[in-house]
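2 protein chains.
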Amino acid sequence: MMAKQVEHDQLYIGIDGGGTKCRATIYSAIHGVLGTGLGGPANPLHGFERTLESIMVSTQLALQDAGLRVEQVHELNAGLGLAGVNLPSLYDKIMRWDHPFKQMFLTTDLHTACIGAHEGEDGAVIITGTGSCGFVLVEGKSANYGGHGFAQGDIGSGSWMGLEAVKAVLLDLDELGPNTALSAVLLKHFNTNTAMGIAEQMAGQPSSSYAKLARYVLDAAKAGDVIALEIVKTGADYISRLARKLLQQNPPRLSMIGGLSEPLSEWLDPQVAKQVELPKQPPEMGAIYFAMQSIRRQSEHLV
Amino acid sequence: MMAKQVEHDQLYIGIDGGGTKCRATIYSAIHGVLGTGLGGPANPLHGFERTLESIMVSTQLALQDAGLRVEQVHELNAGLGLAGVNLPSLYDKIMRWDHPFKQMFLTTDLHTACIGAHEGEDGAVIITGTGSCGFVLVEGKSANYGGHGFAQGDIGSGSWMGLEAVKAVLLDLDELGPNTALSAVLLKHFNTNTAMGIAEQMAGQPSSSYAKLARYVLDAAKAGDVIALEIVKTGADYISRLARKLLQQNPPRLSMIGGLSEPLSEWLDPQVAKQVELPKQPPEMGAIYFAMQSIRRQSEHLV
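Shown next as structure tokens:
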């Protein structure tokens, strides 16, 4: 009885923190979505203070958008999905934050993406954007694969494709590797005529800079360039293996999320591709479901 | 007449700047080597002020070692070999330095390594340490290959081997790639039992941290691990191609320098390996030859 009443009177905020932006959605169990807000980068691995700031900016904008007062932040039950909080030390550090919410429930961005994609139900997700990783949640048990970061992991992601393209072009321009149409494309992109001109501009660049080159690889592969084809097929093969690994755990659904999920789909193993279904809700709604589920679990323990 | 006299009265200092240390040698045309000094990192691409500081520390220690007075720095004709000064902007920035030397002659670390290896004569060098690259100097014409930096170039180097090892191990531990003996080795090295434990410790690490793992790859290859063998052979194949590219330009000699040159030698194409000769002098002596040659050229222009 108590649990039901609490749930119906609640205001929720779902927050999805990412490397480039932070999205917040305010939701009422009675009225549905009330408003949304967009803040800056919120990856605690790349800046802890910045993350808290982006969370607060997106929260304030969502409150405003919802027509709520600034003080009503204290009424919000917050669900947060953030990268890196699978690390206990980072999880604890964020939970020690003197946050303004009524309650705060924290989990990984993968977890909230998965809950969102399957509208609170069990399932699996593959994320392929700047990075790549897989996550599966079945009957309370979760597992994740990949997501080991640039340049040592994240095969099939945009940053990985961009890096493989730069590597192949540098070999080609030094005449120490096979020719590729990507060389002319990247020389033009970097407005240079030497391998060193490309190398210097990319030296020390973050994964997002490499990810910007992924579209060239996809275009060149479509046009039949052998090297670009090899890169795209190697990436897609990894994503297919990752999908089969997730499907072994019998999730009811599998979704792909992120900027490369659509262009990669045609290169996947057809047996895998036909099992991929569209995500039902975005990660910030997943964060709201996570807050709801956490509160329900609390109430159950109280009864 | 004038040129000869100047040359015989000169004191020289040869400076070899590197990513981890800076070596200086003071040399007199009459008495030979007078003293040496060792300073900290001197790669201007990774810290300009730090580089100048390391140059001055190694110079002062060399002066002390030579039994010279601090003020005698003004009598030194300096030859400097530094990474990155093939970039005109960086070359100019260092040449604008208000240096204490009598004269200063600047070139790349590759150039001075090559001049040193062949005692001032024409030749080619391959450097395989933390990074990898090739350089050839024949009749005043030079060319360089590779050296495009971590993680996009420097195939066959220590950092490249370490990165390939980490990639293979993360795939193995996720059960998304073949088994390798390197997995047990790296789990032990990083004192963890998960892929994420390795990924987190290596995230954002510089190339030198990856290079520390190269010895594991070489050991595992010797012990017959298929993945380690593939890494070492791929690296050695690139170095062999690089050597053939340099040999096409008919250098009188070819030398290999750097921590991986010895362990890699047994994996090289035998046709290449038999043409590799030991370097005659270290890069800091190459920097001294460079200063001498530059002064001789000045004198010739003055006559």
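Going line by line, the protein sequences match chains A and B.
Residue 2 is where the first sequence starts when you use the numbering used here, and the numbers rise one by one after that.
Residue 2 is where the second sequence starts when you use the numbering used here, and the numbers rise one by one after that.
C-beta: ideal position from N, C-alpha, C; glycine also.
Query, Result
"Beta carbon proximity, R242/B to chain A, threshold 8 Å", "yes"
"Segment contact, 8 Å Cβ cut-off, at least three pairs: the region 98-113 of chain A with the region 74-84 of chain A", "yes"
"Candidates I156/B, S266/B and P284/B, of which the one nearest Q276/B by Cα", "S266/B"
"In DSSP terms, what A125/B is bridged to", "V137/B and L255/B"
"A25/A - containing beta strand (DSSP E), residue span", "C23 to S29"
"8 Å contact criterion, which A222/B and T181/B should meet: CB distance rounded", "That belief does not hold up - the Cβ atoms of A222/B and T181/B are roughly 11 Å apart, past 8 Å."
"The ligand NAP heavy atom lying under 7 Å from the CB of L187/A", "Absent from the structure shown: the ligand NAP. Ligands present: none."
"The region 155-171 of chain B: positions lying closer than 7 Å to chain A by Cβ", "L164, V167, K168 and L171"
"8 Å Cβ cutoff met for T113/B and S262/B", "no"
"Buried/exposed call for D99/A, threshold 16 Cβ in 10 Å", "exposed"
"Identity of the residues DSSP links to S143/B by a beta bridge", "L138/B"
"Terminal residues of the alpha helix (DSSP H) in which I296/A lies", "P284 to L303"
"H149/A at chain B interface by Cβ criterion, 8 Å", "yes"
"R242/B classed as buried or exposed, judged by whether at least 16 other C-beta atoms fall within 10 angstroms", "buried"
"C-beta atoms of T131/B and G148/B nearer than 8 Å", "no"
"Run of the beta strand (DSSP E) containing T195/B, from where it starts to where it stops", "Note, T195/B: premise wrong, no beta strand (DSSP E); not H, not E."
"Any chain A beta carbon closer than 8 Å to L88/B", "yes"
"Which of helix, strand or coil DSSP assigns to D270/A", "coil"
"Coarse secondary structure for F151/B, derived from DSSP in three states", "coil"
"Sequence-distant residues of the same chain with beta carbon closer than 6 Å to S208/B, five excluded per side", "T131, F151 and S160"
"Neighbouring residues, chain B, relative to M257/A (Cβ below 8 Å)", "Those do not exist, as M257/A stays about 16 Å from chain B at its closest Cβ, beyond 8 Å."
"Proximity to G40/B [Cα-Cα], best of L46/B, Q272/B and I16/B", "I16/B"
"Which listed residue (N192/B, Q250/B, A125/B and I156/B) has its alpha carbon closest to that of R287/B", "Checking the sequence shown, residue 287/B turns out to be Gly, not Arg. Nearest of N192/B, Q250/B, A125/B and I156/B to G287/B, Cα basis: A125/B."
"Proximal residues, the region 118-150 of chain A versus chain B, C-beta separation under 7 Å", "Y146, G147, H149 and G150"
"Residue(s) in a DSSP beta bridge with Q104/A", "N78/A"
"Distance between V273/A and P280/A (C-alpha atoms, nearest Å)", "16 Å"
"Buried versus exposed call for K234/A [16 or more other C-beta atoms within 10 Å across all chains shown]", "exposed"
"Inter-residue CB distance, Q153/B and K168/A (contact presumed, cutoff 8 Å)", "5 Å"
"Bounding residues of the beta strand (DSSP E) (the contiguous stretch that carries V233/B)", "V233/B -> not in any beta strand (DSSP E); alpha helix (DSSP H) instead, spanning V227 to L248."
"CB-CB length for L91/A against P42/A, believed under 8 Å", "At roughly 16 Å, the Cβ-Cβ gap does not stay under 8 Å, so L91/A and P42/A are not in contact."
"Which listed residue (L12/B, P89/B and A224/B) has its alpha carbon closest to that of Q104/B", "L12/B"
"A204/A at chain B interface by Cβ criterion, 8 Å", "yes"
"Beta-carbon spacing of L174/B, S184/B below 8 Å", "yes"
"Check whether G236/A and G135/A have beta carbons under 8 Å apart", "no"
"Helix, strand or coil at Q6/A according to DSSP, with G and I counted as helix", "Low confidence applies here, because Q6/A scores a pLDDT of 44, under 50, leaving its location unreliable; read the following figure in that light. If DSSP states are grouped into helix, strand and coil, Q6/A belongs with the helices."
"Enclosing beta strand (DSSP E) for T316/B [first to last residue]", "The structure shown has nothing for residue 316/B, since chain B only spans 2 to 304."
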